[in-house]
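The structure appears below as structure tokens.
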Amino acid sequence: MANREELLIIRSARAGHPQAQLALGKRYLFGSTNLPQSHATALHWLEKAAEQNQSEAWMLIGEHVSFTVARQVEDPLRVAVWYERAFEGKSARAGLVFAMLVFSCWTRAEDGLRQKSMRALNAAAESGIADAQWLLAQQLGMHELTAANTPQELPAQIHQRREQIVEWAAKAALGGITEAQQALADYWWQQGDFTRFLLWGLPIAQELDRRVHGPMAYRTSLSKQQLALFLRCAKAMSAQADANLRLVERYLKIAAEGGDTKAQLGYGLWAARMDEDGKRVRRIPGVAHYKRAIRWLSQAAENGEAAAWFAISRIYLKPEFSRRSINESRRCLELAGVAGHRVAQLELAQIAWRSRKIDLRGDVRALYWLQKAASQGDAEAVAMLNKVAPPVRRSEWAASARASFNRDISSQYPFLAARVELAYWFGLTRAEALLIDVEASDHGHCLEVDIRDSHPRSRRRLIQILSGEQRRALERASRVFDIADTRGQNGPEGNYRQRLYRFRSIFGQPRTTQGRRA
Numbered sequence: 002m003a004n005r006e007e008l009l010i011i012r013s014a015r016a017g018h019p020q021a022q023l024a025l026g027k028r029y030l031f032g033s034t035n036l037p038q039s040h041a042t043a044l045h046w047l048e049k050a051a052e053q054n055q056s057e058a059w060m061l062i063g064e065h066v067s068f069t070v071a072r073q074v075e076d077p078l079r080v081a082v083w084y085e086r087a088f089e090g091k092s093a094r095a096g097l098v099f100a101m102l103v104f105s106c107w108t109r110a111e112d113g114l115r116q117k118s119m120r121a122l123n124a125a126a127e128s129g130i131a132d133a134q135w136l137l138a139q140q141l142g143m144h145e146l147t148a149a150n151t152p153q154e155l156p157a158q159i160h161q162r163r164e165q166i167v168e169w170a171a172k173a174a175l176g177g178i179t180e181a182q183q184a185l186a187d188y189w190w191q192q193g194d195f196t197r198f199l200l201w202g203l204p205i206a207q208e209l210d211r212r213v214h215g216p217m218a219y220r221t222s223l224s225k226q227q228l229a230l231f232l233r234c235a236k237a238m239s240a241q242a243d244a245n246l247r248l249v250e251r252y253l254k255i256a257a258e259g260g261d262t263k264a265q266l267g268y269g270l271w272a273a274r275m276d277e278d279g280k281r282v283r284r285i286p287g288v289a290h291y292k293r294a295i296r297w298l299s300q301a302a303e304n305g306e307a308a309a310w311f312a313i314s315r316i317y318l319k320p321e322f323s324r325r326s327i328n329e330s331r332r333c334l335e336l337a338g339v340a341g342h343r344v345a346q347l348e349l350a351q352i353a354w355r356s357r358k359i360d361l362r363g364d365v366r367a368l369y370w371l372q373k374a375a376s377q378g379d380a381e382a383v384a385m386l387n388k389v390a391p392p393v394r395r396s397e398w399a400a401s402a403r404a405s406f407n408r409d410i411s412s413q414y415p416f417l418a419a420r421v422e423l424a425y426w427f428g429l430t431r432a433e434a435l436l437i438d439v440e441a442s443d444h445g446h447c448l449e450v451d452i453r454d455s456h457p458r459s460r461r462r463l464i465q466i467l468s469g470e471q472r473r474a475l476e477r478a479s480r481v482f483d484i485a486d487t488r489g490q491n492g493p494e495g496n497y498r499q500r501l502y503r504f505r506s507i508f509g510q511p512r513t514t515q516g517r518r519a
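In the numbering used here, the protein residues as written are 2 to 519.
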């Protein structure tokens, strides 16, 4: 409770006396024996004193009332005036809060006020205030700098002042701003500079490690960004010539136990003492623990990490592994391929291609996996793809026949029209077009053309389905042939000679040498 002296000051302040308002503001600002410290109340009375030209009042506001308190008033720009005056009175801290208040009301601030706020921020940063240095780095474009994956994504003006941004962020980081340290670590990671990344990232990781040291329950409370930092530190340290391998393993384990999928993959590979291709990593000392590795790799695989399935498949092929199993290795390899692992897809294609004489559909499966691997830019898969399913050439006879289509022919001879359409899009010979079983030939990713039962001199081949037009042509043909059972010589189309005769009579194509071969 206020004493007699303070009650007199309060009454005088309420009566409008500037000296009393200043004195009351000081007491609330620093606290007294009977009045509690309250910066919000102090701001109220100091502002009233400042309105009556008490320069000490606005200097006290600028030096001691934080941005958190000032922004809670109804109009922050009104309070910003006192910070502006304190900044003019050589208070660098007031310049920082003045800039922050203007930034919070940027759309309502006038151009002159905006420019002055930037000058105030620069002055505060130059004076060595770490918060001002970090805010200046942000205003110059630090967040855009760390968000861009490539230099081409950066706006030109930010690219030009990149060194200036990094310099201010470094000063703020040295001043103890953790957010600046994290931003610099992210930036140098993107740049691929592991040494500078460790300069800023490793101290943060070490501090986090001290905090979460203990039961695993504490580690699961780490954020995704913190887990990613542990993983990055582990990767960066492992790339160093004199790496602390124990610390690398520890950080991998912390991130893996926290639920980071990439870390689970990395820790599983570390336990197996191998890389993602299954090759032994000699620099990691000790014996490989395959069962522990499979446990962590399985967690990563269940979270969608394709490389983990591939690594497990390599482990099951290890001759020294007590649970060695070729069947289990093949199962995991297929799961890796389904998950999108390029090397696994190529290997599955090669396995299927080698077994094509035993498995009649081996080349169909090989083509499927080759298409998957080739879509990810695998040069070997592209070369093998051209061998398994060479590019088709345009069928001139089909183009000519298709050009003479009209509505009457299509409605009167729907089966023949559908076959000519397929020949046009897939480069089929006349015999292939007239004899192909559309439903049995469509495998989704390719068309299997095999008419040897009816035309022994023909050769079986695979044609890739590469375009939407080809897929739509197949679907239209499938709907036509679903109407009736056209398979066999007793169907509505008849045998091959009858189909060929009907084709010639409709389209008027003479019997050529090529036609006799067909």
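Where is the CB? At the ideal position from N, CA and C, for every residue including glycine.
Exposed unless 16 or more other CB atoms sit within 10 angstroms - verdict on residue i
i, result
"Pro77", "buried"
"Asp364", "buried"
"Thr514", "In this prediction, Thr514 has a pLDDT of 44, which is less than 50 and means its spatial position is unreliable; what the coordinates show is noted afterwards. When all chains shown are included, Thr514 counts as exposed."
"Gln22", "buried"
"Val103", "buried"
"Leu9", "exposed"
"Gln38", "exposed"
"Lys225", "exposed"
"Asp379", "buried"
"Thr262", "buried"
"Thr151", "exposed"
"Lys172", "buried"
"Lys254", "buried"
"Arg517", "Low confidence applies here, because Arg517 scores a pLDDT of 40, under 50, leaving its location unreliable and the question unanswered by this model."
"Trp426", "buried"
Span of the beta strand (DSSP E) around residue i
i, result
"Glu494", "Per DSSP, Glu494 belongs to no beta strand (DSSP E) and is neither H nor E."
"Gln465", "462-465"
"Glu164", "No beta strand (DSSP E) holds Glu164; the alpha helix (DSSP H) holding it covers 163-175."
"Leu223", "Segment: none, Leu223 is in no beta strand (DSSP E) and carries neither H nor E."
"Glu277", "Counting along the chain, Glu277 falls outside any beta strand (DSSP E), and DSSP gives it neither H nor E."
"Leu448", "447-450"
Proximity to residue i [Cα-Cα], best of the options
i, options, result
"His444", "Arg462, Phe68, Ile130", "Arg462"
"Glu258", "His144, Leu298, Ala402", "Leu298"
"Ala244", "Ala256, Asp276, Val288, Leu199", "Leu199"
"Pro391", "Gly338, Gln372, Lys319, Trp398", "Gln372"
"Arg403", "Leu423, Val389, Ala384", "Leu423"
"Gln346", "Glu180, Ala308, Phe322, Arg28", "Ala308"
"Ala264", "Trp271, Ala256, Leu270", "Ala256"
"Ile205", "Gln227, Val383, Gln140", "Gln227"
"Asn520", "Gln465, Asn304, His456, Glu476", "Since the displayed the chain opens at 2 and closes at 519, residue 520 lies outside it and no answer follows."
"Gln377", "Lys388, Gly338, Val393", "Gly338"
"Arg324", "Gly269, Ile295, Leu467", "Ile295"
"Leu232", "Gly260, His214, Arg212", "Gly260"
"Tyr502", "Gln471, Ala375, Leu417", "Leu417"
"Phe524", "Ala16, Ile62, Leu185", "This structure cannot speak to residue 524, because the chain is shown only from 2 to 519."
"Ile484", "Cys447, Arg505, Glu440", "Glu440"
"Val213", "Arg163, Ala125, Tyr252, Leu448", "Tyr252"
"Arg109", "Arg79, Ala93, Gly129", "Arg79"
Boundaries of the alpha helix (DSSP H) in which residue i is found, first to last residue
i, result
"Trp107", "Segment: none, Trp107 is in no alpha helix (DSSP H) and carries neither H nor E."
"Asn123", "112-127"
"Ser411", "408-413"
"Arg343", "343-355"
"Asn387", "380-389"
"Val481", "469-483"
"Ala375", "363-375"
"Ala148", "143-148"
"Asn304", "Taken as a continuous stretch (DSSP letters only), Asn304 belongs to no alpha helix (DSSP H), as it is neither H nor E."
"Gln404", "Note on residue identity: the sequence assigns Ala, not Gln, to residue 404. From DSSP, the alpha helix (DSSP H) with Ala404 extends over 397-404."
"Lys27", "19-31"
"Gly338", "327-339"
"Ile11", "5-15"
Neighbour flag for residue i against chain C, beta carbons, 8 Å
i, result
"Gln346", "Structure shown: chain C not included; a single protein chain is present."
Check your understanding: What are the start and end residues of each continuous beta strand (DSSP E) run of 3 or more residues lying completely inside the stretch 45-87, in chain order?
Key -> Within the stretch 45-87, no complete beta strand (DSSP E) run reaches 3 residues.
Exercise for review: Report yes or no: do three or more beta-carbon pairs, one from the stretch 72-80 and one from the stretch 49-61, lie closer than 8 Å?
Suggested key: Contact between the stretch 72-80 and the stretch 49-61 is absent, because fewer than three Cβ pairs lie under 8 Å.
Check your understanding: At a cut of 8 Å, does the stretch 427-436 reach the stretch 345-360 through at least three beta carbon pairs?
Key -> no
**Study point:** Cβ contact check for the stretch 273-285 and the stretch 325-333: 3 or more pairs under 8 Å
**Key:** No contact exists between the stretch 273-285 and the stretch 325-333.
Review point. Counting Cβ pairs closer than 8 Å, one from the stretch 79-88 and one from the stretch 97-115, do we hit at least three?
Key: The stretch 79-88 vs the stretch 97-115: in contact.
Review point. When the Cβ atoms of the stretch 143-163 are set against those of the stretch 108-118, are three or more pairs found closer than 8 Å?
Key: no
**Study point:** Cβ pair count under 8 Å reaching 3, the stretch 199-214 against the stretch 170-182
**Key:** Between the stretch 199-214 and the stretch 170-182, the count of Cβ pairs shorter than 8 Å is three or higher; the stretches touch.
Exercise for review: Could I get the ranges of all uninterrupted alpha helix (DSSP H) runs contained in the stretch 419-458, with 4 residues as the minimum, in chain order?
Suggested key: 431-436, 439-442
Check your understanding: Could you give the uninterrupted runs of the alpha helix (DSSP H) lying entirely in the stretch 192-267, keeping only those of 4 residues or more?
Key -> Within the stretch 192-267, the complete alpha helix (DSSP H) segments of 4 residues or longer fall at 195-213, 217-220, 225-239, 246-258, listed in chain order.
Review point. Are the stretch 13-29 and the stretch 40-48 in contact at 8 Å, needing three or more beta carbon pairs?
Key: Segments in contact, yes.
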